[in-house]
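Numbering (our numbering), first residue to last: 534 to 611. Here a beta-carbon is modelled for each residue, glycine too, at the ideal position from N, C-alpha and C. If you're wondering where the values come from, they're calculated on a predicted model, not measured in any experiment. Below is one structure, written out as structure tokens; the observations come after it.
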Amino acid sequence: MNEPITFSPEEWTALREKFSETKHTLNNALAVFLALSELATRDPENYVKLARAIETRTPTIIGLMEELTHAFDARRGC
Numbered sequence: 534m535n536e537p538i539t540f541s542p543e544e545w546t547a548l549r550e551k552f553s554e555t556k557h558t559l560n561n562a563l564a565v566f567l568a569l570s571e572l573a574t575r576d577p578e579n580y581v582k583l584a585r586a587i588e589t590r591t592p593t594i595i596g597l598m599e600e601l602t603h604a605f606d607a608r609r610g611c
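And the structure:
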């Protein structure tokens with residue numbers, strides 16, 4: 534179970550691209566969440582925007598994390 538896993542150059546590139554996409558989406562969402570939370574402290578109406586941003590972006594993040602996990606698990610044979 535602890536044997537090394539090897540990747541072809543194509544597999545490694547695809548995995549890096551998926552990781553990069555996931556990281557980019559997550560970083561963008563967190564930046565929006567942080568900005569809206571700071572704005573909401575000044576104007577409570579921004580809590581609605583914050584809630585909407587969380588509601589719309591979170592499923593995308595979860596989906597990307599599941600895809601990335603699936604890609605690793607498939608390669609590992611899980």
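Shortest alpha-carbon distance to residue i belongs to which of the options?
| i | options | result |
| --- | --- | --- |
| Thr558 | Ala586, Arg575, Asn535, Trp545 | Ala586 |
| Thr555 | Pro592, Pro537, Glu571, Asp576 | Pro592 |
| Leu597 | Lys551, Tyr580, Ala607, Asn535 | Lys551 |
Per DSSP, what kind of secondary structure is residue i in: helix, strand or coil?
| i | result |
| --- | --- |
| Ser541 | coil |
| Glu550 | helix |
| Pro592 | helix |
| Glu536 | coil |
Using a Cβ-Cβ distance cut-off of 8 angstroms, determine whether residue i contacts chain D.
| i | result |
| --- | --- |
| Leu548 | In the displayed structure, chain D is absent; only one protein chain is listed. |
To which residues of the same chain is residue i closer than 7 angstroms at the C-beta, ignoring the five residues directly before and after it?
| i | result |
| --- | --- |
| Ala604 | Leu548, Lys551 |
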